[in-house]
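All remarks here apply to the structure that follows.
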Amino acid sequence: MIHAPVYGDGDPHIEEILPYMINWNPLKKQSMIHHEDVNQALLLAASTSGIGGRIYNVADDNPIAIGELYKLYEAPEQTPTEDGWLMSNLWELTADPARIKEEPNFKPKYPSIYAARDMGAL
Numbered sequence: 011m012i013h014a015p016v017y018g019d020g021d022p023h024i025e026e027i028l029p030y031m032i033n034w035n036p037l038k039k040q041s042m043i044h045h046e047d048v049n050q051a052l053l054l055a056a057s058t059s060g061i062g063g064r065i066y067n068v069a070d071d072n073p074i075a076i077g078e079l080y081k082l083y084e085a086p087e088q089t090p091t092e093d094g095w096l097m098s099n100l101w102e103l104t105a106d107p108a109r110i111k112e113e114p115n116f117k118p119k120y121p122s123i124y125a126a127r128d129m130g131a132l
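Structure (structure tokens):
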């Protein structure tokens, strides 16, 4: 099982990684996953017969732009390097969770980081 960067209530992962993305293209998309949904996916994988040895991408439904993460977490404004934005491929950090949704029927409790925010789970 492969999962996207984890976030959630009291989880410092996003705040800790933002300084490393200060020069990344703010339009770059990043798949994310709430820690409760990682737990749900692991339990589902452990209790579903016939899926052993398969690889599943665990991610919420809606990748978020790096610039949106900066705004959501009220981080300092991003700045390009002298040569422009780093990480210019806009989609290389996204994961397709279709297989885990179809085979063991995974349904994220938090389909996006915004849904988690609105549900008080950041």
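Per the numbering used here, numbering through the sequence shown is continuous, rising by one, with the last residue being 132. Here a beta-carbon is modelled for each residue, glycine too, at the ideal position from N, C-alpha and C.
query                                                                                                                                                                       : result
For Leu28, collect the residues of the same chain with a Cβ closer than 8 Å to its Cβ; drop the 5 residues on either side in sequence, then sort them by chain order.       : Leu79, Tyr80, Tyr83 and Ala85
If you measure between the beta carbons of Trp34 and Met97, is that distance less than 8 Å?                                                                                 : yes
Can you tell me whether Ile24 is helix, strand or coil according to DSSP?                                                                                                   : helix
Going by DSSP, which residues form a beta bridge with Gln50?                                                                                                                : Per DSSP, none; premise fails for Gln50.
What are the uninterrupted segments assigned as beta strand (DSSP E) that are 3 or more residues long and contained completely in the stretch 86–132, given in chain order? : none
Which class does His75 belong to by DSSP, given the choice of helix, strand or coil?                                                                                        : In the sequence under discussion, the amino acid at residue 75 is Ala, which differs from the His named in the question. Of the three classes helix, strand and coil, the one that applies to Ala75 here is strand, per DSSP.
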